[in-house]
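The structure under discussion appears below in the form of structure tokens.
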Amino acid sequence: MQREVQSELEKNGLDPARMPEMKSLHFVQIDEFYPINPAQHNSFFYYVNKFYLQGFGLDPQKALLIDCSKIGLAPHETLSTIWPDDEVNLGLRYKQGKNAAERQQQRVLQKIDQWCQEYEDQIRRWGGIGFFLGGIGPDGHIGFNVRGSDHYSTTRLTPTNYETQAAAATDLGGIEVSRKRLVITIGLGTITCNPDCAAIIIAAGEAKADIVASAVQSDKDILYPASALQILPNARFYITMGAAKQLHERQHVLLLNAETVDDQEVERVIVDLAVRLNKRVVELTEDDFLSDRTAHAILAKRRQEPQYLAQMVHNNLVAKIEKGAKMLSRTRFFHTEPHHDDLMLGYLPYIVRHVRDASNTHFFACLTSGFTAVTNQYMKQQISRLRGFLYSSEFAALQQEGYFAPTNDLGRNRDVWQYLDGVAAKRNRVKDEGTARRFLRNLIELYGEHEFPQVQKRLNVLEEYFDKQYPGKKDEEKIQRLKGMCREWEAECLWGYFGWDRSNVLHLRLGFYTGDIFTQEPTVERDVVPVLNALEDVRPDIVTVALDPEASGPDTHYKVLQAITEALR
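Heads up, the sequence shown is in the working numbering, so the first residue is 227 and it goes up one at a time.
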């Protein structure tokens with residue numbers, strides 16, 4: 227791939243051995259969360275400084291940046307003193323403050339709005355944006371111009387919507403954090419005010435197919451923010467095949483250029499035709515095929531009768547449904563997932579049906595520890611819960627019998643059974659004790675501190691750590707492991723509910739998953755060998771994979787697919 231890129235650069239007159247000189251360029255940061263400390267590694271201010279200004283050698287003096295710690299604040303003020311709970315009340319733009327704190331916040335809001343106007347003015351004095359590079363959000367947002375944004379909007383402080391908050395939750399340290407954050411963003415009008423702007427939008431995965439198609443194929447509409455770019459002659463989408471799935475013209479051209487058309491493509495086109503005409507597949511006529519240019523092209527490529535193709539698709543669909551509904555017996559399943567909830571969310575009903583047959587055996591393997599989904603607030607709740615049980619008579623008795631020893635597999639199963647007993651009895655204290663048992667076990671395994679006074683001190687240290695750590699910051703390795711163990715506990719409870727103990731639940735913790743902004747590529751020794759070893763131990767008849775290999779956002783799914791594929795070879 228690197229050689230291909232270098233070859234393409236050379237064809238366009240660029241020497242890949244020479245770093246382009248970029249100090250003459252002006253740089254504009256397009257958005258930022260608010261309020262957020264710019265020193266935090268999950269702020270866009272930090273990101274653009276490290277990877278754009280430093281990475282590309284841009285001149286900081288020619289950069290417009292969004293530093294929230296300096297916007298609207300007096301010298302003696304900080305973000306935490308103005309917004310102590312990180313919540314900004316935009317209603318203060320339009321009503322009188324009830325007290326001194328609200329009046330102070332109102333003054334800061336007014337200064338932020340003024341700053342945004344001056345930011346916009348500076349961009350336009352430079353002649354507007356000449357080159358815009360960005361992604362497209364889950365709701366179609368460009369910058370943070372969410373669905374419903376005015377196409378003539380300018381730089382502003384604005385709220386977001388649920389889709390945007392959910393997408394930002396991992397980076398910001400949880401949905402309870404991201405839902406309180408506002409954003410400062412340049413507007414759609416800011417991007418398009420320069421008619422010569424070259425705007426490039428990058429999208430990957432079928433999850434983005436609908437919003438890409440709406441942006442490109444719909445008329446300009448506030449429901450599709452990226453449709454505002456249609457007025458720019460130099461606007462382009464750079465997308466994967468998955469993200470292009472709903473682009474009718476692109477799919478038609480791909481079909482025309484294909485040397486052969488396989489049954490899967492025939493099925494896609496004919497099913498789409500049947501849905502559009504509200505007909506059963508077997509009721510499609512030759513006139514129906516001829517009325518649709520893509521279906522017409524299928525006839526020309528396959529040189530088969532419409533009725534034959536329609537019947538073939540019907541038979542294939544029926545066969546798939548029957549195969550999916552068929553119950554298997556005396557089968558060993560090896561279910562794999564990138565994160566601890568992917569199997570549950572992906573195809574739990576299929577698993578449940580095959581669990582009912584006692585002749586089947588199931589193994590469940592999560593390939594990463596999933597620690598980035600565990601918030602600091604959740605860990606503080608775990609600490610508080612364990613404190614309530616640590617010096618209880620029940621825990622003293624368990625400690626005496628060696629229950630919490632890291633090698634006590636029966637104890638691990640009993641943790642789960644304790645929790646599930648609480649679920650069955652609808653008693654929160656019983657569930658809490660099961661959770662506290664496992665958390666204590668994890669601490670002993672991780673830190674090697676077996677005595678309860680040592681554990682109490684460790685809890686104090688951990689609580690202080692989580693109090694000082696800003697949400698979303700990369701944790702030290704042991705904290706990552708501890709958070710990951712919390713997710714592993716949840717998976718064991720899930721599969722324990724269906725009757726499988728910890729010997730059937732595997733935690734592979736592949737090493738490429740590090741919590742860094744740019745994660746490493748999987749390697750054979752570090753990431754493939756653990757999967758191969760698990761396969762050799764389980765010796766399954768069927769391997770299932772819960773993933774979207776072109777998932778939007780983090781690329782964990784794709785890297786897990788690489789590891790599993792290589793192991794199966």
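Positions of the beta carbon are idealized from the N, C-alpha and C atoms, including for glycine.
For residue i, does the count of other Cβ atoms within 10 angstroms reach 16, so buried, or fall short, so exposed?
i, result
"N420", "buried"
"D742", "exposed"
"G353", "exposed"
"M245", "exposed"
"E313", "exposed"
"R506", "exposed"
"A551", "exposed"
"I338", "buried"
"S778", "Note on S778: pLDDT 46, under 50, position unreliable in the model; the coordinate value appears next. Buried, since its Cβ has 16 or more Cβ neighbours within 10 Å."
"A789", "buried"
"A326", "exposed"
"H302", "exposed"
Which value, in whole angstroms, describes the spacing of the CA atoms of residue i and residue j?
i, j, result
"E792", "L473", "32 angstroms"
"T411", "A454", "16 angstroms"
"E485", "G468", "20 angstroms"
"T460", "F357", "Looking at the sequence shown, residue 460 is not Thr but Asn. Straight-line Cα distance between these residues: approximately 9 angstroms."
"D647", "R653", "8 angstroms"
"D347", "L736", "49 angstroms"
"V487", "G596", "40 angstroms"
"F665", "Y723", "19 angstroms"
"I368", "Q746", "28 angstroms"
"L525", "I705", "59 angstroms"
"E620", "F630", "12 angstroms"
"T661", "Y645", "7 angstroms"
"E716", "T633", "19 angstroms"
"N268", "S585", "49 angstroms"
"L624", "N686", "22 angstroms"
"L574", "G431", "23 angstroms"
"R556", "L734", "26 angstroms"
"K237", "E230", "11 angstroms"
"L299", "N275", "22 angstroms"
"F738", "G710", "14 angstroms"
"G415", "I349", "11 angstroms"
"A591", "Q343", "52 angstroms"
Where do the ends of the beta strand (DSSP E) carrying residue i lie?
i, result
"D257", "257–260"
"L383", "382–384"
"G710", "It is not in any beta strand (DSSP E) - G710 instead sits in the alpha helix (DSSP H) that spans 703–723."
"A424", "424–429"
"V731", "731–733"
"T770", "768–771"
"F463", "462–465"
Please confirm if residue i has its CB atom under 8 angstroms from at least one CB of chain D.
i, result
"D763", "Among the chains of the structure shown, chain D does not appear; only one protein chain is present."
Would a C-beta distance cut-off of 8 angstroms place residue i and residue j closer than the cut-off?
i, j, result
"N371", "P261", "no"
"H783", "L773", "yes"
"A441", "G366", "yes"
"G399", "N263", "no"
"P532", "L510", "yes"
"L569", "E563", "yes"
"D293", "G698", "no"
"V497", "V539", "yes"
"Q266", "Y696", "yes"
"F253", "Y278", "yes"
"V438", "I465", "yes"
"E493", "N541", "no"
"V754", "P748", "yes"
"F463", "I427", "yes"
"Y457", "G374", "Checking the sequence shown, residue 457 turns out to be Ile, not Tyr. In this structure, G374 does not lie closer than 8 angstroms to I457 by Cβ."
"Q331", "L318", "yes"
Taking the DSSP output, what are the residues bridged to residue i?
i, result
"N639", "DSSP, once it has assigned bridges, lists no residue as partnering N639."
"R558", "T587"
"T411", "D257, R382"
"L290", "V254"
"L359", "I426"
"Y450", "D447"
"E563", "C592"
In the DSSP assignment, find the alpha helix (DSSP H) that holds residue i and state where it starts and stops.
i, result
"T661", "654–673"
"D312", "D312 -> no alpha helix (DSSP H), and no H or E assigned at all."
"W341", "326–351"
"V764", "755–764"
"P575", "568–581"
"P679", "678–694"
"F597", "First-last for F597: undefined, no H or E at that position."
Does the Cβ of residue i lie closer than 7 angstroms to at least one heavy atom of the ligand PLP?
i, result
"C294", "For the structure depicted, the ligand PLP is absent and the ligand set is empty, with no information on it obtainable."
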